[in-house]
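In terms of this note's numbering, the sequence shown is residues 496 to 886.
Have a look at the structure below before the remarks.
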Amino acid sequence: MTIKHIAILGSTGSIGVNTLDVIRAHPNRFKVAALTAGKQIDRLAQQCAEFKPAIAVVSDADGASRLEKLLLEKKINTQVLYGPQALVSAVTDSGCDTVMAAIVGAAGLVPTLAAAKAGKRVLLANKEALVMSGNLFMQAMKEGGGELLPIDSEHNAIFQCLPPQFSKTPNPSLGVEELWLTASGGPFRNTPLEQLGGITPDQACAHPNWVMGRKISVDSATMMNKGLEVIEAFWLFGLPLEKIKVLIHPQSVVHSMVRYRDGSVIAQLGQPDMRTPIAYGLAWPERIEAGVAPLSLTQLAALSFNEPDLIRFPCLPLAFAAAKAGGTAPTVLNAANEIAVAAFLDGGISYLHIPVVVEKALNAMPVVNADSIECILEIDTQTRKVARDFI
Ligand code: NAD
Ligand code: MG
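Structure below.
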């Protein structure tokens, strides 16, 4: 067995910690080449002490000197770097062959693109990167010649349900008709509409089935997460938007499905535990122990499926509209949503104002071709300013 060398972008987050959990159980298969974090220096220092990466990256100089000091005390000789360009070095200079892209939001875009261009196996959790720059990213993957494995549970499920030849040659004779993305509906699926205005950040982050970072938890509550995932599926699997459907499935057991021409529907089921898609991506095409409890179907009360309520979840139609508009519209959707969610988490706006900010930004910003990284980053910056002004 050849050992894989892994760089984890965002190692201190929910996906990062779960990735290290899988890696820890397979020391003969995986070595950690690089770890990166934003501000959680103590946690990163512990991770470096345990996994001894060649490179560790943090956001700023202060964090870097704190980390260096901690690593000196522990006698760990990991090289410490900081800043956005250092995230790229973690990918290109650490000797890794596989990159877990698990920084949240637009901050993950540039290093994830670097991994694509460098021909790494990219384990893609950072859906925002694909939403902002789907065309460029897929092109970079193609040019780099590496493997792209989706980690988002729905897309990982669809990847598992598609025929193996699918991604290489999208071929009508394979009979793929529709992709069905499942969504739990989040914590407010049944909350009376008149109570939605008073929702607090902690209520929004208390997801019924999954434990995740705060930004994606709010996105799950508004269902913007599913909107971003529709765009993610569009780029990953190359099917027209009309063939990508969303179904509310409160139990989060069926992670997504593919409907075929002959009447078959193939689903992937499992516990709501991200270590399953993470282990799948790390070991593909092999399957390894992920530390996940076996699914017991007889202990499940029921599995149910409904159409999403677009009045309750206005972020979902906004995402569909941005996807349909194409070009930089999804970049605008993503940037405005990041600003609105951050403002909600800081107590600056109410829960119901999140879609209002996103809609205003979509109306204010022109749609142009998303054909260069400079153009995408410029639209992202402008949108953040516009969204902050509305707030
Ligand atoms: P999280 O908030 O728990 O972790 C985010 C990580 O990114 C942390 O390590 C943090 O230090 C780092 N980070 C944040 N801002 C940064 C910046 N400006 N520069 C450098 N590093 C920065 O988030 P998460 O829940 O682990 O999600 C990570 C990504 O995976 C997101 O894009 C999310 O949509 C996606 N995802 C997560 C889950 C899940 O179950 N958590 C499921 C599917 C997809
Ligand atoms: Mg998901």
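Note that CB positions come from ideal geometry on N, CA and C, so glycine has one too.
Here the structure is a predicted model, which means the values were calculated and not measured.
Check                                                                                                                             : Outcome
Span of the alpha helix (DSSP H) around residue 827                                                                               : 824-840
Coil, strand or helix - residue 876 by DSSP                                                                                       : helix
Three CB pairs or more closer than 8 Å across the stretch 503-517 and the stretch 590-610                                         : yes
Rounded straight-line distance, which links the Cα of residue 570 to that of residue 887                                          : There is simply no residue 887 to check, as the chain begins at 496 and stops at 886 in what is shown.
Reduced DSSP secondary structure (H/G/I, E/B, other) of residue 695                                                               : coil
Burial state of residue 764 (16 or more Cβ within 10 Å)                                                                           : exposed
Heavy atom of the ligand NAD within 7 Å of residue 711 beta-carbon                                                                : yes
Proximity of residue 814 and residue 722 at Cβ, strictly below 8 Å                                                                : yes
Beta bridge counterpart(s) of residue 565 as assigned by DSSP                                                                     : Partner(s): none; residue 565 has no beta bridge.
Sequence-distant residues of its chain with Cβ nearer than 8 Å to residue 844 (five each side left out)                           : 835, 838, 852 and 886
Check whether residue 879 and residue 830 have beta carbons under 8 Å apart                                                       : yes
Whole-angstrom distance between residue 863 and residue 787, CA atom to CA atom                                                   : 44 Å
Backbone secondary structure at residue 501 - three-state DSSP                                                                    : strand
According to DSSP, residues forming a beta bridge with residue 792                                                                : Note: residue 792 sits in no beta bridge, so no partner.
Rounded straight-line distance, which links the Cα of residue 884 to that of residue 810                                          : 20 Å
8 Å Cβ cutoff met for residue 711 and residue 725                                                                                 : no
As assigned by DSSP and simplified to three states, the class of residue 755                                                      : strand
Chain-order list of residues whose beta-carbon lies under 6 Å from that of residue 874 (same chain, five-residue window excluded) : 823 and 826
Continuous alpha helix (DSSP H) stretch holding residue 587: start and end                                                        : 579-587
Bounding residues of the beta strand (DSSP E) (the contiguous stretch that carries residue 902)                                   : Any answer about residue 902 is impossible in this case: the structure gives the chain only from 496 up to 886.
Rounded straight-line distance, which links the Cα of residue 561 to that of residue 538                                          : 12 Å
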